[in-house]
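K.L.:
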Amino acid sequence: MTEAKLEALLQESRAFPPTAEFAAQANAQPSIYTEAAADPLAWWHKQAERLTWHTEPTSTLEWDLPNAKWFGDGMINASVNCVDRHVAAGRGDKVAYHWVSDIEGESRTITYAQLLDMVCKAANAFTQLGVKQGDRVAVYLPMIPETVVTMLALARLGAIHSVVFAGFSADALSSRILDSDCRFVVTADGAMRRGTPSPLKPAVDEALQSCPNVQSVVVVKRTGGDVNWVEGRDNWWDDLMAPQSTEHTPEYFPSEQTLLIMYTSGTTAKPKGIFHTTGGYLTHCITTYHYIFDLKVDTDVLWTAADIGWITGHSYIVYGPLAAGATQVMYEGLPDSGGRDRWWKIIAQYGVSKLYTAPTTIRTLMKWGDDLPAGHDLSSLKLLGTVGEPINPEAWMWYRKNVGHDNCPIVDTWWQTETGGIMATPLPGITATKPGAAMTPFPGISLDVVDNEGQSVGNGEGGYLVATAPWPGMTRGIYGDPERFFATYWARFPGMYFAGDGAKRDDDGDLWLLGRIDDVMNISGHRLSTTEVEHALVGHPMVAEAAVVGASDDTTGQAIVAFVTLKLSAEEASKDQAPLIEELRQHVSHTISPIAKPRQIILTPDLPKTRSGKIMRRLLRDVAEHRTLGDVTTLTDPTVVNMIAGLLETEGAED
Ligand code: WT7
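In the working numbering, the protein residues as written are 212 to 866.
Following this line, the structure appears as structure tokens:
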């Protein structure tokens, strides 16, 4: 974002102070900031008491950059914290999830007592299959209760789940399985999308052709479609669960037992296996959930409208809410499954009080018109949240007015797969909110905006967002690659965690996120690296070279634009290339995921390169966003970029 654009945003933005009514009953009081700042470690230690420890930790933090141990001598079981303890405290009949199907009219209500039975059965079943502490298990499932049950059952055994978003391709799944050497896979026959089954099992079968170490596959029946079956390897979920006992005695593990791996895109073609451990991560999730969502556990119905295949789902559909004993809506479908007012129907039907989603979805709902939310009773809503990408003030204002009826604070929460939980956000009842600003670090979190030399910038200035002190939910590393972990996050600014985002402090000192400053794109709140998509394109036999940029897009935040040179003769090159462009888009979709499908592919005879051979992505982004071109003097052939700009005007295959 340009300086001028940011200034314009700041000009038009108004601050909304908390209402007196909200402030009076809010979980957090203004003193929370001073208390936490006075002794962050003591403050976090106190927050860790929200959890049930088998052995209470005496230590808080052992820090040997970049290696952290939080509550290191504590012993804990994540699944006991999410389920057993609520049942033991007499809250077994409380609803954990109102699961709402893609298909209208279909739902399941799961209480904490029922969840405990399901988790115990699954823990027994996984044990029978041979799953042991420390084993990695890939989970490739849609948004169904069995996904949560699987994660908790694995956590209960000290096994490590690696949930792979069910929209990822067979290739993406196999590379993730191989990278962390998963021995088991839990999947489903398919997922429901707008009432139509979309198969999942074929991708698993294809992926496992290159994963000889996977010994067992468990298959949940969701769609009832035909599946290919490998005898001795594949097991139906229902058949495995039926004979199991609903009793399972948990073991306790060190606080630093690895709980989960979540792959995320970095700046290279190979996704990073970000791993999180147990005690610190759970402390971060439950504490942020309590304060930021102003959790009123007895009356709230909360809905994090995200997929469990991403970190938002892990931290704020599974671990944070369940550890807190909350009641949630979990929705399987798309925003328009069953009609474009489906969300508003769900909020009205279940009396949802807190809604948390991504800007891209808000913009989509906004496009569908104000009369849709206006046609439903949304008066149960008390708080709205957003996450995943910078939110434009227009969408923020629409969300506030048409969904929150000017009555709900909006928490714009900045965080990352790596941070485990929310790092910057307003606190409802305390912090004013501004359309488009994440405002301030969460208590106990130290963030700064620094310049190239790592010096803190002043108010009204921009720079790089860093964390200047460790925090409980921080990733403990990249699975199997400690060097890359250090180089990616800890080497750029000595002593600080470098997030990869640009940020600015406004004149009041409040924090605004400006987007990634590296080669990471944010498509509908999904992180993808330019290199990953280039790699996929170059994997096509017709492609010689590819350069990919994220160009701004009204709905998806950014969209992928690819510049491709072909291995074609002049004769072939003169043919109609629309079918080939479509083939390349499908190729990327198949290689990575439909999310990665370029919005636009521009076939060009050449790419703009510096004299050292580096592709000038900055210029290509200017071209893709129809901007006047910046400095081209370092190019080997400055005419190339003008030629590409010309191609874009005449041949751009947009859809
Ligand atoms: C990247 C992390 C955090 C869960 C979902 C995404 C961007 C995230 C915000 C926000 C501006 C945001 C950043 C960050 N981002 N939240 N509120 N305002 N940007 O997790 O896939 O790890 O992506 O998402 O660029 O680095 P992720």
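Note that CB positions come from ideal geometry on N, CA and C, so glycine has one too.
(1) According to DSSP, is Arg-405 part of a helix, a strand, or is it coil?
(2) Where the beta carbon is closer than 7 Å to any heavy atom of the ligand WT7, which residues qualify, in chain order?
(3) State the CB to CB distance for the pair His-737 and Ala-480, rounded to an integer number of angstroms; the pair is presumed to be in contact (CB under 8 Å).
(4) Name the residue from Arg-433, Pro-461 and Val-415 whose alpha carbon lies nearest to the alpha carbon of Ser-870.
(5) Between the Cα of Ser-591 and those of Trp-609, Met-650 and Val-512, spot the shortest distance and give me the residue it belongs to.
(6) Can you give me the C-alpha to C-alpha distance between Met-753 and Ala-259, rounded to a whole angstrom?
(7) Please list the terminal residues of the continuous beta strand (DSSP E) segment that includes Val-744.
(8) How is the alpha helix (DSSP H) around Val-441 delimited, first residue to last?
(9) Give the secondary structure of Ile-388 by DSSP, where H, G and I count as helix, E and B as strand, and everything else as coil.
(10) Going by other Cβ atoms of all chains shown within 10 Å of its Cβ, with 16 needed for buried, is Arg-367 buried or exposed?
(11) Secondary structure at His-798, three-state DSSP: helix, strand or coil?
(12) Can you give the beta carbon distance from Gly-316 to Ser-548, rounded, assuming they're within the 8 Å contact cut?
(13) Would you mind stating whether Trp-264 and Pro-683 have Cβ atoms separated by less than 8 Å?
(14) Which residue's Cα is closest to the Cα of Thr-434: Ile-803, Lys-412, Asp-445 and Thr-460?
(15) List the DSSP bridge partners of Phe-774.
(16) Among the residues of its own chain, which have a CB less than 8 Å from the CB of Gly-586, if the five just before and after it don't count?
(17) So what does DSSP say about Asp-712, is it helix, strand or coil?
(18) Would you call the stretch 381 to 390 and the stretch 565 to 574 touching, i.e. three or more CB-CB distances under 8 Å?
(19) Should Pro-228 go down as buried or exposed, given a rule of 16 or more other Cβ atoms within 10 Å for buried?
(20) Please say whether Gly-345 and Gly-484 have beta carbons closer to each other than 8 Å?
(21) Under three-state DSSP, which class holds Arg-367?
(22) For Ala-635, which residues does DSSP report across the bridge?
(23) Please list, in chain order, all residues of the same chain as Tyr-502 whose beta carbon is under 8 Å from its beta carbon, the five residues on each side excluded.
(24) Is the beta carbon of Thr-489 less than 8 Å from the beta carbon of Arg-687?
(25) At 3 residues or longer, what runs of the beta strand (DSSP E) sit wholly inside the stretch 445 to 487?
(26) Pop quiz: Ser-380 and Ser-763 are said to be a contact at Cβ under 8 Å. What is the actual Cβ separation, rounded to whole angstroms?
(27) Any contact of the stretch 446 to 462 with the stretch 489 to 498, i.e. 3+ C-beta pairs under 8 Å?
(28) What span of residues does the beta strand (DSSP E) with His-309 cover, start to end?
(29) List the residues that DSSP assigns as beta-bridge partners of Thr-322.
(30) Out of curiosity, what's the CA-to-CA distance linking Val-851 and Tyr-700?
(31) Check whether the Cβ atoms of Ala-710 and Trp-723 lie closer than 8 Å to each other.
(32) So, are the CB atoms of Ala-364 and Ala-334 less than 8 Å apart?
(33) Can you tell me whether DSSP reads Phe-337 as helix, strand or coil?
(34) Smallest Cα separation from His-801: which of Ala-336, Ala-418, Gly-536 and Ser-373?
(35) Based on DSSP bridge pairs, tell me the residues matched to Asp-275.
P.N.:
On the basis of the data shown:
(1) Mapped onto the sequence shown, residue 405 falls at position 194. In the three-state DSSP reduction, Arg-405 falls in the coil class, being neither helix nor strand.
(2) Here the residues come out as Thr-475, Trp-521, Ile-522, Thr-523, Thr-597, Val-598, Gly-599, Glu-600, Pro-601, Ile-602, Asp-623, Thr-624, Trp-625, Trp-626, Gln-627, Thr-628, Glu-629, Ala-649, Ala-710, Gly-711, Asp-712, Leu-724, Gly-726, Arg-727, Asn-733, Gly-736, His-737 and Arg-738.
(3) Position 526 of the sequence shown, counted from the first residue, corresponds to residue 737. Position 269 of the sequence shown, counted from the first residue, corresponds to residue 480. Not really, about 16 Å apart at Cβ, beyond 8 Å.
(4) There is simply no residue 870 to check, as the chain begins at 212 and stops at 866 in what is shown.
(5) On the sequence shown, residue 591 is found 380 positions in, with the first residue counted as 1. Across the set Trp-609, Met-650 and Val-512, the C-alpha of Val-512 shows the shortest separation from the C-alpha of Ser-591.
(6) Taking the first residue of the sequence shown as position 1, residue 753 is located at position 542. Taking the first residue of the sequence shown as position 1, residue 259 is located at position 48. Roughly 55 Å separates the two Cα atoms.
(7) Walking along the sequence shown from the start, residue 744 turns up at place 533. Per DSSP, Val-744 lies in no beta strand (DSSP E) segment; the continuous alpha helix (DSSP H) that holds it begins and ends at 741 to 749.
(8) Position 230 of the sequence shown, counted from the first residue, corresponds to residue 441. Counting along the chain, Val-441 falls outside any alpha helix (DSSP H), and DSSP gives it neither H nor E.
(9) As a working mapping, residue 388 is identified with position 177 in the sequence shown. Note: Ile-388 maps to helix in three-state DSSP.
(10) Here residue 367 corresponds to residue number 156 of the sequence shown, with the count starting at 1. With 16 or more other CB atoms across the displayed protein chains lying within 10 angstroms of its CB, Arg-367 is buried.
(11) Sequence index remark: in the sequence shown, residue 798 carries index 587 (1-based). Three-state DSSP puts His-798 in a helix.
(12) Taking the sequence shown and counting its residues from 1, the one referred to as residue 316 is at position 105. Taking the sequence shown and counting its residues from 1, the one referred to as residue 548 is at position 337. That belief does not hold up - the Cβ atoms of Gly-316 and Ser-548 are roughly 12 Å apart, past 8 Å.
(13) Looking up residue 264 in the sequence shown gives position 53. Looking up residue 683 in the sequence shown gives position 472. No; because the gap between Cβ atoms is not below 8 Å, this pair is not in contact.
(14) Translated into the one-based positions of the sequence shown, residue 434 becomes position 223. Ranking the options by Cα distance to Thr-434, first place goes to Lys-412.
(15) Here the question's residue 774 lines up with position 563 in the sequence shown. According to the DSSP secondary-structure assignment, Phe-774 is paired through a beta bridge with Ala-758 and Ile-813.
(16) Here residue 586 is taken as the residue at index 375 of the sequence shown, counted from 1. Excluding residues within five positions, the ones whose Cβ falls inside 8 Å are Asp-552 and Trp-555.
(17) In the sequence shown, counting from the first residue as 1, residue 712 sits at position 501. In the structure shown, Asp-712 falls within a strand segment according to DSSP collapsed to helix, strand and coil.
(18) At 8 Å Cβ cutoff, the stretches do not touch.
(19) As a working note, residue 228 is residue 17 in the sequence shown. The residue is exposed, with fewer than 16 neighbouring Cβ atoms inside 10 Å.
(20) Here the question's residue 484 lines up with position 273 in the sequence shown. Here the question's residue 345 lines up with position 134 in the sequence shown. By the CB criterion at 8 Å, Gly-484 and Gly-345 fall outside the cutoff.
(21) Numbered from 1 along the sequence shown, position 156 holds the residue referred to as residue 367. Correct three-state label for Arg-367: helix.
(22) To locate residue 635, count along the sequence shown from 1; it is residue 424. Paired residues: Trp-625 and Pro-652.
(23) Residue mapping note: residue 502 aligns to position 291 of the sequence shown, counting from 1. Hits under 8 Å: Asn-238, Ala-239, Ile-243, Leu-638, Phe-653 and Pro-654.
(24) Within the sequence shown, residue 489 is the residue found at index 278, counting from 1. Within the sequence shown, residue 687 is the residue found at index 476, counting from 1. No; because the gap between Cβ atoms is not below 8 Å, this pair is not in contact.
(25) Counting whole runs of 3 or more residues, the stretch 445 to 487 contains the beta strand (DSSP E) stretches 445 to 447 and 469 to 475.
(26) As a position in the sequence shown, residue 380 is number 169, starting the count at 1. As a position in the sequence shown, residue 763 is number 552, starting the count at 1. In fact, because the Cβ distance is near 26 Å, the residues do not count as touching under 8 Å.
(27) The answer is no - the stretch 489 to 498 does not touch the stretch 446 to 462, with fewer than three Cβ pairs under 8 Å.
(28) Reading the sequence shown from its first residue, position 98 is the one you call residue 309. DSSP places His-309 inside the beta strand (DSSP E), whose first and last residues are 306 to 311.
(29) By one-based count along the sequence shown, residue 322 stands at place 111. Looking at the DSSP output, Thr-322 sits in a beta bridge with Val-306.
(30) Position 640 of the sequence shown, counted from the start, is the residue given in the question as residue 851. Position 489 of the sequence shown, counted from the start, is the residue given in the question as residue 700. Put simply, the backbone Cα of Val-851 is about 35 Å away from that of Tyr-700.
(31) Translated into positions along the sequence shown, residue 710 becomes position 499. Translated into positions along the sequence shown, residue 723 becomes position 512. Going by C-beta atoms, Ala-710 is not nearer than 8 Å to Trp-723.
(32) If you number the sequence shown from 1, residue 364 lands on position 153. If you number the sequence shown from 1, residue 334 lands on position 123. Yes, the Cβ-Cβ distance between Ala-364 and Ala-334 is below 8 Å.
(33) Within the sequence shown, the letter at position 126 stands for residue 337. The answer is helix: DSSP assigns Phe-337 an H, G or I state.
(34) For the purposes of this step, residue 801 is identified with residue 590 of the sequence shown, where counting begins at 1. When each option's Cα is compared against that of His-801, the closest is Ala-418.
(35) Counting from 1 along the sequence shown, the entry for residue 275 is found at position 64. According to the DSSP secondary-structure assignment, Asp-275 is paired through a beta bridge with Asn-278.
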